[in-house]
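Here's the structure we're looking at; comments come further down.
Number of protein chains: 6
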Amino acid sequence: MLMINCELIDRLIELSIHEDIGRGDLSSIAIEDYLEDGEFHFIAKEEFVLCGTEVAKKVFEKIDQNLSVNFFKNDGELLSAGEIFGKVVGYVGSILSGERIALNFLQRLSGIATNTKKYIEKLSDSDIKIIDTRKTIPGHRILEKYAVTVGGGSNHRFGLFDGVMLKDNHIDAVGSIKKAVEIARKKTPITVKIEVETRNIKEVIEALEAGADIIMLDNFSIKDIKEAISIVKKKVKLEVSGGINIENLDLYKKLKIDYISIGALTHQAKSVDMSLKFRGKV
Amino acid sequence: MLMINCELIDRLIELSIHEDIGRGDLSSIAIEDYLEDGEFHFIAKEEFVLCGTEVAKKVFEKIDQNLSVNFFKNDGELLSAGEIFGKVVGYVGSILSGERIALNFLQRLSGIATNTKKYIEKLSDSDIKIIDTRKTIPGHRILEKYAVTVGGGSNHRFGLFDGVMLKDNHIDAVGSIKKAVEIARKKTPITVKIEVETRNIKEVIEALEAGADIIMLDNFSIKDIKEAISIVKKKVKLEVSGGINIENLDLYKKLKIDYISIGALTHQAKSVDMSLKFRGKV
Amino acid sequence: MLMINCELIDRLIELSIHEDIGRGDLSSIAIEDYLEDGEFHFIAKEEFVLCGTEVAKKVFEKIDQNLSVNFFKNDGELLSAGEIFGKVVGYVGSILSGERIALNFLQRLSGIATNTKKYIEKLSDSDIKIIDTRKTIPGHRILEKYAVTVGGGSNHRFGLFDGVMLKDNHIDAVGSIKKAVEIARKKTPITVKIEVETRNIKEVIEALEAGADIIMLDNFSIKDIKEAISIVKKKVKLEVSGGINIENLDLYKKLKIDYISIGALTHQAKSVDMSLKFRGKV
Amino acid sequence: MLMINCELIDRLIELSIHEDIGRGDLSSIAIEDYLEDGEFHFIAKEEFVLCGTEVAKKVFEKIDQNLSVNFFKNDGELLSAGEIFGKVVGYVGSILSGERIALNFLQRLSGIATNTKKYIEKLSDSDIKIIDTRKTIPGHRILEKYAVTVGGGSNHRFGLFDGVMLKDNHIDAVGSIKKAVEIARKKTPITVKIEVETRNIKEVIEALEAGADIIMLDNFSIKDIKEAISIVKKKVKLEVSGGINIENLDLYKKLKIDYISIGALTHQAKSVDMSLKFRGKV
Amino acid sequence: MLMINCELIDRLIELSIHEDIGRGDLSSIAIEDYLEDGEFHFIAKEEFVLCGTEVAKKVFEKIDQNLSVNFFKNDGELLSAGEIFGKVVGYVGSILSGERIALNFLQRLSGIATNTKKYIEKLSDSDIKIIDTRKTIPGHRILEKYAVTVGGGSNHRFGLFDGVMLKDNHIDAVGSIKKAVEIARKKTPITVKIEVETRNIKEVIEALEAGADIIMLDNFSIKDIKEAISIVKKKVKLEVSGGINIENLDLYKKLKIDYISIGALTHQAKSVDMSLKFRGKV
Amino acid sequence: MLMINCELIDRLIELSIHEDIGRGDLSSIAIEDYLEDGEFHFIAKEEFVLCGTEVAKKVFEKIDQNLSVNFFKNDGELLSAGEIFGKVVGYVGSILSGERIALNFLQRLSGIATNTKKYIEKLSDSDIKIIDTRKTIPGHRILEKYAVTVGGGSNHRFGLFDGVMLKDNHIDAVGSIKKAVEIARKKTPITVKIEVETRNIKEVIEALEAGADIIMLDNFSIKDIKEAISIVKKKVKLEVSGGINIENLDLYKKLKIDYISIGALTHQAKSVDMSLKFRGKV
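Residue numbers (this note's numbering), protein chains in the order written: chain A, 15 to 296; chain B, 15 to 296; chain C, 15 to 296; chain D, 15 to 296; chain E, 15 to 296; chain F, 15 to 296.
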């Protein structure tokens with residue numbers, strides 16, 4: 015999984031291990047002389063979309079490179095309660111040290127994937143993409159956005175570095191949407207799109223004329239969204255944002271918009287339930 | 015706040031900033047020539063217990079040491095919807111770069127404090143302490159456990175390094191609770207307590223005889239908890255764990271136990287709603 | 015300058031200082047007891063476009079936060095031989111330690127800005143943007159791309175993370191340009207553009223139909239470029255690449271293309287000549 | 015190659031990879047499901063002295079430890095245009111991610127080795143050593159000095175930590191060359207030489223009497239160099255510096271001096287041309 | 015050995031290697047072309063308790079992962095002068111680079127273990143535990159405390175994070191021992207004990223009533239210690255500290271105390287003598 | 015003090031703080047609400063040569079940049095028992111957190127300076143320099159070698175990077191001293207000296223003819239040292255090493271040698287006694 019092969023993920027995992035183990039796992043150190051090799055199984059304790067297997071592997075490998083970690087299911091597969099979906103084999107002292115960290119990652123990421131999937135299923139017969147936001151747990155941005163894709167969603171920018179988003183503050187500082195887009199175009203790498211956040215139809219028209227690549231309709235009524243659609247006429251991408259949830263998603267699914275962004279995909283997700291159980295010495 | 019003055023928190027904040035800003039905040043860079051100093055206000059958009067003000071300060075200071083951040087409320091205070099609880103003053107380009115990161119910390123930590131407070135209020139007339147677990151977001155352990163205390167809860171161990179917890183795997187490896195406690199006592203710093211996780215009354219008796227400092231009753235029925243209490247007779251601390259939630263907490267509040275540990279304090283907490291709004295140039 | 019306020023630049027500067035100073039500046043340590051405060055001047059020893067003043071400042075500040083560094087000219091200004099363009103005031107031992115490092119940055123970056131400016135001037139009455147490539151000194155990507163903009167050029171993607179570039183290897187792996195663009199669109203953040211590198215007119219047509227955002231014409235003859243222009247009809251952006259240099263640039267300047275990418279902006283730039291001279295105690 | 019087995023090189027390579035890949039190689043991630051193992055060849059596109067093979071290996075190994083990198087030529091060998099000089103075999107996604115970084119190192123280092131060789135060949139029948147300076151790209155000091163040796167040159171000090179160089183500022187601070195050398199001798203590790211930069215014959219005499227290990231003649235005329243030689247009489251080493259280039263090098267080659275230092279070895283070197291081409295699946 | 019599997023130890027070893035090798039081992043680099051594989055033996059040059067074998071292994075492995083390091087004796091075994099206790103096999107250039115670093119660790123840690131053993135042997139027929147303090151070499155805390163256990167001693171807290179020690183400054187700030195213990199109990203993880211340092215019998219009584227877990231008798235006379243014992247009656251642990259050395263240890267061994275803490279275990283330990291000798295090519 | 019202004023020292027201090035404070039100073043956190051600003055005094059508890067004041071300052075400043083640290087005595091001054099030699103003023107919580115770390119540095123470094131001074135005084139009327147070795151605590155090389163100079167000693171190389179030392183293994187690999195020096199000269203920076211370790215008079219002669227800069231006489235008898243002196247005739251520097259201690263130092267002080275290296279300066283030094291005492295609120 016190329017997605018997590020980057021320094022940022024390595025640093026997060028190392029921080030997570032260091033935070034938990036600190037100067038040492040006292041319980042394992044205490045009984046070190048009695049520990050041998052063993053096998054542990056990952057078991058789902060409720061139904062959920064699996065996500066985070068590669069991260070869990072990395073956690074165990076960083077703790078002890080001799081551990082062998084195998085998942086029987088791939089990220090994105092739906093597990094049922096009681097299902098065994100992977101195993102870890104090796105020195106029991108190392109497995110016990112990594113257990114909680116690996117589970118904390120898996121439970122959170124599977125929670126996001128499972129949560130996202132609910133939104134996707136609601137929209138099943140639509141071309142609109144459900145996209146995430148930057149409302150993610152600090153340090154977990156890449157992983158959480160990956161989990162959104164595992165659940166069927168798409169990604170908005172990963173950070174401030176791979177997308178320009180001109181909001182009211184930016185526009186006010188410069189004086190007009192037109193001028194803001196113009197100078198942003200000059201200073202932005204040619205591969206990165208410029209999005210303008212608009213608060214009313216007047217701004218939509220300005221953003222369109224300014225040559226924005228994407229126009230975001232922030233907290234627009236359904237009626238205003240429809241007007242914006244008729245103005246933009248598919249010339250640029252339209253993103254709808256603000257106040258959309260699993261209950262009212264239906265209202266948006268027939269609209270000719272490109273993206274619906276939903277912060278709740280990540281920041282309202284809950285951890286799912288699973289465990290890692292000892293299955294005997296090997 | 016001494017709690018967050020440690021390398022682990024610095025690394026988490028630096029990782030969080032780097033993850034979001036990467037090679038640069040394109041939107042601010044684009045309009046850099048037009049940006050001046052300004053003032054922004056933190057506004058609560060629902061009722062919640064505030065938590066994370068010192069972390070938010072650190073985020074802004076690490077991005078730009080010339081920013082001035084002041085909170086009008088302290089961690090632990092209850093905010094009402096619409097309340098302005100702090101401000102950031104300085105270079106607008108820097109504030110815009112740090113806004114989302116600071117909010118992500120504040121929203122999550124306030125969410126945990128608010129969630130914890132609900133449990134504490136349920137137990138208000140009891141001596142039992144509600145304690146957290148290690149089911150925290152990887153890399154956020156210290157902050158999340160701090161948020162639990164802000165919400166009125168207490169802390170179990172912070173990691174594998176400041177508490178011994180002998181579970182079935184440890185005990186099975188050594189052969190008996192008695193032996194496990196004995197060797198743990200020899201290898202553990204004299205300032206750290208030894209806790210034994212028990213699954214039945216027989217194990218409680220063994221743990222007591224072995225000289226454990228704390229005995230954890232894992233998934234015990236109310237009846238069995240009462241029997242354990244009568245056996246232990248306050249000689250050591252008793253922790254009850256497993257299956258306790260905001261609904262059934264009442265059943266436990268009259269028991270003569272010391273601690274109730276609840277993973278949901280952290281892993282089922284949701285972010286609260288707040289924003290940072292521009293209030294004009296300065 | 016927001017452009018260099020990021021962890022990557024800090025790490026490069028710290029590495030550069032550490033590489034030069036190592037366990038200590040022996041010459042300054044030797045005469046430490048005799049060193050006082052002094053003033054040094056930056057002097058241009060040939061004509062060049064200045065670039066790197068903020069980096070030089072950071073170098074001196076990281077070595078000794080009490081140094082005061084001021085530049086009388088801004089990045090982008092043309093200096094003449096003999097011109098004094100800045101000064102450093104403070105403890106002489108610190109200034110001597112940082113002198114070579116700061117000059118190495120300034121000389122290289124000014125060299126790139128000066129080099130770029132020559133290309134820009136050649137194209138002065140055209141709308142085509144001269145853009146850079148990823149052929150930069152490892153670790154200096156951000157700085158070198160910044161120097162290109164200071165010289166009047168524009169930036170292609172900064173790395174593999176902020177632009178999709180589908181080359182022959184990618185396309186061959188997937189089977190067709192159409193399919194490659196399609197799957198890339200699904201997996202790429204919505205703010206990032208997808209560019210396709212084409213080797214002939216047939217591929218240009220495919221890339222256009224596939225919905226690429228930018229089409230790169232790699233080593234096309236002038237005749238083929240013209241054909242591509244007539245096909246694409248400004249529907250997407252056109253980048254011309256390969257074999258373009260300061261001598262033959264004229265041939266391209268009347269074409270209706272959007273970008274000309276030139277690796278030589280960075281990898282054929284030479285350091286310019288300047289020095290830092292002691293001007294007396296203070 | 016022991017030369018690059020040090021933390022400084024590891025940090026530079028890691029920074030270089032992180033700078034380019036950032037949060038992920040979007041193009042490879044996009045087509046990840048279609049990528050298999052393949053073989054790529056390094057091809058020289060002009061004549062040059064090869065340098066940097068071990069660095070290139072490290073780049074690929076750090077990106078993916080399962081890649082196999084082999085060079086058919088060693089550092090220091092002269093390649094002709096069109097020559098295949100190495101190969102990389104393994105997962106195509108990893109190779110594509112590392113390609114540009116490895117090439118950027120190889121092109122720059124081979125450029126320095128090739129450039130240095132020209133100077134060395136000019137001096138072929140002389141005992142004088144051509145030595146480098148500290149005018150290197152920040153962060154690349156060790157690599158660039160290594161490339162100088164690969165081209166046949168020798169090294170002056172690697173940094174401020176492994177050689178004392180007393181310049182006018184140091185000497186003025188202390189009062190005299192004699193005193194400066196005396197105190198430097200006391201404070202410097204016994205294994206490190208003390209060099210004095212002189213600007214005229216009077217200073218040469220002082221430096222000799224002060225017991226300097228090396229005397230540098232800075233911007234001396236040929237006539238003055240000859241006088242210095244007759245004074246020093248091989249008692250200490252003589253380094254000539256300033257204004258020497260490939261054109262006027264002949265004037266110096268018969269002189270009885272020990273070293274000629276030339277900053278242009280590194281700071282005027284240009285990248286050579288080479289590529290990495292896909293040669294099929296494996 | 016789980017004890018040293020933590021980030022802190024990795025950082026110390028990496029710092030130690032970097033400090034010694036810096037930009038390269040000049041002596042090995044010089045003769046690199048002549049170096050082959052060889053075998054070296056560790057030889058004790060006096061009698062001592064071996065300690066640090068796992069650290070020495072890590073040192074060599076970090077320098078060159080192809081080295082093979084084997085110890086014939088375990089940490090804790092008593093070696094006699096002349097005894098060969100381990101070997102390193104592999105590339106001679108790597109072994110020579112790591113030799114001094116590995117020896118410096120082994121000599122210091124064996125020195126501490128040997129020193130500790132003398133104290134333990136003095137107390138051989140007593141239940142009192144000899145414990146260490148925080149008077150350790152900065153950065154070496156974990157290793158030195160490990161060496162104390164290898165020599166037969168026990169550990170007090172490893173740092174400020176795994177034990178509460180209320181001293182006069184803390185108590186004075188709060189107002190009374192009672193109050194200090196009370197608030198500490200509230201803020202401290204339930205797994206960590208609270209120790210109170212007392213200076214007289216009155217404070218012992220207060221600490222006992224306040225519910226301290228451990229009471230430290232700081233610089234008490236034997237008579238006062240006996241009084242404290244009679245007051246505490248084994249209800250909490252008693253630690254005796256201050257002025258106890260190998261000469262007067264006998265005076266304490268019959269007392270009914272739990273711990274004697276001795277800073278000299280670590281800060282007065284001397285390095286033992288050993289060497290690593292070349293035994294031929296392999 | 016330029017000597018400790020380098021990354022290596024910063025990393026050591028940060029590691030030392032992190033090792034001790036970890037996730038937080040529990041004792042200070044507990045009573046945080048009661049802590050105010052105060053003043054603490056450093057007091058010598060025996061006679062010693064002070065060393066490490068700048069390091070101690072850095073420790074406190076890194077813990078809390080608002081602390082004010084002043085020493086009334088400089089490194090190198092002799093303190094008597096009871097003397098107050100410095101003070102720390104600021105937030106008591108921060109001072110208590112840093113106290114032990116700062117003292118551990120000061121006690122060790124003052125111990126080395128004090129120990130070195132004894133050797134220097136023994137040699138007082140000689141020109142021979144007492145020099146240190148690489149037998150230092152891992153990670154503390156720079157500090158310990160600094161302490162040696164504070165005690166009046168001189169420094170041998172700081173690491174493998176700033177001096178070539180050809181020992182038997184190097185020479186055997188190459189075939190002869192002559193050849194080893196020849197190739198080392200070619201590969202070593204011109205500012206670094208080449209030393210040869212010799213075991214008998216024959217090797218001394220070879221080393222002299224090979225052009226070594228320094229010849230080390232390893233474990234030579236006084237008689238052989240005298241013969242070596244008569245052979246070398248001051249043409250190169252002579253270092254005597256092995257078996258020299260404070261008792262037999264007199265035997266060497268009249269010899270015409272340049273350096274005596276003594277590992278015991280550092281590895282047999284003991285910590286001196288001092289404390290930091292609270293002197294009241296401010």
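Ideal Cβ positions, reconstructed from N, Cα and C, are used throughout, including at glycine.
query: Based on DSSP bridge pairs, tell me the residues matched to C:N84.; result: C:K101
query: Rounded to the nearest angstrom, what separates D:E60 and F:K192 at their Cα positions?; result: 41 Å
query: For the putative contact between F:P203 and D:D272, defined by C-beta atoms under 8 Å, what is the C-beta separation to the nearest angstrom?; result: Not quite, the Cβ-Cβ distance comes to about 13 Å (not below 8 Å), so this is no contact.
query: Determine which residues share a DSSP beta bridge with E:H55 and list them.; result: E:K101, E:K291
query: Rounded to a whole number of angstroms, what is the C-alpha to C-alpha distance between E:I98 and F:D47?; result: 57 Å
query: Go through its chain and collect everything with a Cβ distance to F:E241's Cβ below 7 Å, but skip five positions before and after it.; result: I215
query: F:K200: buried (16+ other C-beta within 10 angstroms of its C-beta) or exposed?; result: exposed
query: Using a Cβ-Cβ cut-off of 7 Å, state whether C:K87 counts as contacting chain A.; result: no
query: Report the rounded CA-to-CA distance for E:M230 versus E:K251, giving the unit in angstroms.; result: 8 Å
query: Excluding the 5 residues flanking D:K149 on each side, which residues of the same chain have their C-beta closer than 7 Å to its C-beta?; result: G277, T280, H281
query: Hey, is E:Q79's beta-carbon within less than 7 Å of any beta-carbon in chain F?; result: no
query: Counting pairs of beta carbons, one from the stretch 89-98 of chain F and one from the stretch 62-73 of chain F, are three or more of them closer than 8 Å?; result: yes
query: Could you check what DSSP says for D:S244 in three-state terms: helix, strand or coil?; result: helix
query: What does E:Y48 reach in chain F if we use C-beta pairs closer than 7 Å?; result: A187, V188
query: Along chain D, which residues have their Cβ under 9 Å away from the Cβ of E:R114?; result: Neighbours of E:R114 on chain D: none; closest Cβ ~15 Å, over 9 Å.
query: State buried or exposed for C:A95, treating a residue as buried only when at least 16 other CB atoms are found within 10 Å of its CB.; result: exposed
query: Who pairs with F:Y273 in a beta bridge, going by DSSP?; result: F:K143, F:E253
query: Evaluate A:G36 with the Cβ neighbour count: other Cβ atoms within 10 Å of its Cβ, from every protein chain shown; 16 or more gives buried, anything less gives exposed.; result: buried
query: With 16 as the cutoff for other CB atoms within 10 Å, does F:K207 come out buried or exposed?; result: buried
query: Using alpha carbons as the reference points, say which of A:L40, A:F54, A:L29 lies closest to A:S289.; result: A:F54
query: Report yes or no: do three or more beta-carbon pairs, one from the stretch 161-170 of chain F and one from the stretch 126-138 of chain F, lie closer than 8 Å?; result: yes
query: Ordered along the chain, which non-local residues of its own chain (more than five positions away) have a Cβ less than 7 Å from that of F:E50?; result: V106, K295
query: What runs of the beta strand (DSSP E), each 3 residues or longer, lie entirely inside the stretch 209-236 of chain A?; result: 228-232
query: My output table needs one value for E:S285: the three-state DSSP class, helix, strand or coil.; result: coil
query: Could you pull the DSSP bridge partners for F:S168 from this structure?; result: F:I145
query: May I have the straight-line CA-CA distance separating A:N84 from B:R213, to the nearest angstrom?; result: 30 Å
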